[in-house]
């Protein structure tokens, strides 16, 4: 843990001196960045600070239930000047999408993150790769600074933790994560309400899921399906609703490498990979100039759907042949 | 909480005097009944007891990873005699499927359950409707009796809690549930491994899910679909694989009352209800001689599929009409 006394005192000093504070999280913001940012926004606003929470990409619909979410803005370029910027969940400043020049536009930058390999770009770096979520760090910071955690803050921080731990399912969930969750429930976070928002779907998305499953193919340890533009328009679902679709392919016991192909243009297909066990989909994605991690990666293929699927399957089969040889 | 000192002492006395112990849970056993039973089985066996864990229905595949799961048996009629029977998660004895005549075949019966409306059929009734799961009660019992909770017991109890709270998402999740989860992780329960087993699927089940979604209907605040025997045989999926299917109906934002109808015979349909918000499906299920909780209930309808759906929908519509009047 890195939220030691010296760091907390430094942070407190920065906040005390600041009138205008910027909060910002990474591109394609997730529940941890949004939840943690909104918890901070609520608290700092109550302290009388002028707070902006600005990201490059829009707030995903599923987080609109969070208190103060209407105050989250997005822009390609921040023009204002700030006394203090708190950058949330960005292992390097570029993850922020280059929307601000911190050295020019902010007197002081605080880097609050839980990624391994954080580049320590802040004037103050509160980085704890063991934290399940920035929300977990923020909880400890707020307790350390004796800030009251009210129902709104608890709701935001709980959302941050729940989304980054997959409802306490991922391996980053520690005994302490559950202790914090317990405290957040006591402070008023409503687990059922929050989960029903965060994991909610629409009738349109459910129909698209059905279409995707109707095209599902399982071949050896590979499982794959696809989504065409027509399937989107037939059902009325939107792309951001399909983020978790691939998990229902990956959940199949015999599937080690799951793939979902999404048509993005007449000759453009985005393929997502998810794997488990020893299968390294990062290697496969890199072969198509994409990348990611061992168990989650992606790439864009400049081919029509049928050819894109053929090309990727050929590579995955090759990967398994080589893997067997090794 | 009902695991008071007197109850624990009585339970300890029963166990001390017993050589042959029967554990049993309800028909269509779930993670709570199986996990709690296996935690008890492990502990009682270590104490030198002869323990049988017998249910009417087979162990669902997803629980085969649990320690000692190979010892779980199923039968239509238990013929043995026991010094002590511990009945898990059965609000009334009949939920057990009538596989044993407790008054004849067991000297003493302990009723360990967390359902409202439990009929208190045991010689000792440890019933706590506020407990999220029997696993939660069992954790407190084991702590109260100073039984060590080793990795195996922690894995079983964690599975019980995770399945009955939907990964800590349902409203039955309390601050204490998270404190217990924290302790179980410390004792060696592996959240990622357990979740990957409990939430794993098969190709057959995924195909059945697709068939179910193809029949999905959303009408006002109701969402429903059905599974026929033919759909099961066409896909090769089995009933226990469909436990979570209803959640993808419940997840739809506009759906408040989700229903899934499963054909169990030519004139027999099992209907599951899941709700959110203020909708109380227990009331609806009770109208069909079923029951459960406010947000999760079930009933068996002795009608062919089409008529069963019609009858239930009529009741749900009526429920909403009456609710509006109130």
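Chains as they are written, first to last, in the working numbering: chain A, 1 to 326; chain B, 1001 to 1326.
Note that CB positions come from ideal geometry on N, CA and C, so glycine has one too.
Selected residue, minimal CA-CA separation from residue i, among the options
i: residue 317(A); options: 96(A), 65(A), 280(A) and 144(A); result: 280(A)
i: residue 106(A); options: 122(A), 135(A), 60(A) and 212(A); result: 122(A)
i: residue 1083(B); options: 1278(B), 1072(B) and 1102(B); result: 1102(B)
i: residue 1124(B); options: 1131(B), 1094(B), 1077(B) and 1087(B); result: 1087(B)
i: residue 139(A); options: 259(A), 37(A), 229(A) and 306(A); result: 37(A)
i: residue 1158(B); options: 1014(B), 1314(B), 1039(B) and 1313(B); result: 1039(B)
i: residue 245(A); options: 220(A), 199(A) and 287(A); result: 199(A)
i: residue 228(A); options: 219(A), 190(A), 275(A) and 209(A); result: 209(A)
i: residue 49(A); options: 177(A), 262(A) and 21(A); result: 21(A)
i: residue 144(A); options: 321(A), 7(A) and 294(A); result: 7(A)
i: residue 1269(B); options: 1304(B), 1284(B) and 1292(B); result: 1304(B)
i: residue 32(A); options: 309(A), 295(A), 118(A) and 164(A); result: 164(A)
i: residue 136(A); options: 150(A), 62(A), 176(A) and 100(A); result: 176(A)
i: residue 1289(B); options: 1277(B), 1278(B), 1272(B) and 1003(B); result: 1272(B)
i: residue 14(A); options: 128(A), 109(A), 93(A) and 132(A); result: 109(A)
i: residue 9(A); options: 56(A), 146(A), 65(A) and 96(A); result: 146(A)
i: residue 98(A); options: 74(A), 35(A), 11(A) and 113(A); result: 74(A)
i: residue 1196(B); options: 1046(B), 1029(B), 1064(B) and 1018(B); result: 1064(B)
i: residue 231(A); options: 217(A), 115(A), 213(A) and 181(A); result: 213(A)
i: residue 150(A); options: 215(A), 112(A), 184(A) and 309(A); result: 184(A)
i: residue 116(A); options: 95(A), 91(A) and 133(A); result: 91(A)
i: residue 24(A); options: 224(A), 162(A) and 89(A); result: 89(A)
i: residue 262(A); options: 283(A), 255(A), 321(A) and 240(A); result: 240(A)
i: residue 43(A); options: 253(A), 171(A), 247(A) and 68(A); result: 68(A)
i: residue 160(A); options: 204(A), 220(A) and 29(A); result: 29(A)
i: residue 1003(B); options: 1130(B), 1155(B), 1053(B) and 1171(B); result: 1130(B)
i: residue 1018(B); options: 1005(B), 1027(B) and 1051(B); result: 1051(B)
i: residue 226(A); options: 234(A), 220(A) and 216(A); result: 216(A)
N- and C-terminal bounds of the beta strand (DSSP E) containing residue i
i: residue 1275(B); result: 1268-1275
i: residue 1072(B); result: 1072-1074
i: residue 1227(B); result: 1222-1227
i: residue 83(A); result: 82-88
i: residue 1218(B); result: 1217-1219
i: residue 52(A); result: 50-55
i: residue 1257(B); result: 1257-1265
i: residue 1098(B); result: Here residue 1098(B) belongs to no beta strand (DSSP E), and DSSP marks it neither H nor E.
i: residue 290(A); result: Neither: residue 290(A) is in no beta strand (DSSP E) and is coded neither H nor E.
i: residue 1301(B); result: 1296-1301
Neighbour list for residue i in chain B, Cβ cutoff strictly below 8 angstroms
i: residue 218(A); result: 1203
i: residue 213(A); result: 1206, 1207, 1209, 1210 and 1213
Contacts of residue i in chain A (Cβ-Cβ under 7 angstroms)
i: residue 1169(B); result: 167, 191, 192 and 195
i: residue 1175(B); result: 182, 185 and 186
i: residue 1199(B); result: 251
Boundaries (first-last residue) of the alpha helix (DSSP H) holding residue i
i: residue 1284(B); result: 1281-1286
i: residue 247(A); result: 245-250
i: residue 122(A); result: Here residue 122(A) belongs to no alpha helix (DSSP H), and DSSP marks it neither H nor E.
i: residue 1205(B); result: 1203-1214
i: residue 1027(B); result: It is not in any alpha helix (DSSP H) - residue 1027(B) carries neither H nor E in the DSSP assignment.
i: residue 1008(B); result: 1005-1017
i: residue 192(A); result: 191-198
i: residue 1103(B); result: 1102-1105
Proximal residues of chain A, C-beta to C-beta of residue i below 9 angstroms
i: residue 1276(B); result: 192, 193 and 196
Residue i Cβ short of 7 angstroms to the ligand FMN heavy atom set
i: residue 152(A); result: The ligand FMN is not part of this structure, which contains no ligands at all.
> Name the residues in the segment 1241-1266 of chain B whose C-beta lies less than 7 angstroms from a C-beta of chain A; which are they?
Replying inline: 1248, 1251, 1252, 1253 and 1254
> Using Cβ-Cβ distances below 9 angstroms, what residues of the segment 1177-1193 of chain B are close to chain A?
Replying inline: 1177, 1178, 1179, 1180, 1181, 1182, 1183, 1184, 1185, 1186, 1190, 1191, 1192 and 1193
> Can you list, in chain order, the residues of the segment 1062-1093 of chain B whose Cβ is nearer than 7 angstroms to any Cβ on chain A?
Replying inline: none
>> Please give the ranges of any alpha helix (DSSP H) in the segment 115-187 of chain A, keeping only runs that are unbroken, at least 4 residues long and fully inside the region.
In response: 134-144, 151-164 and 175-186
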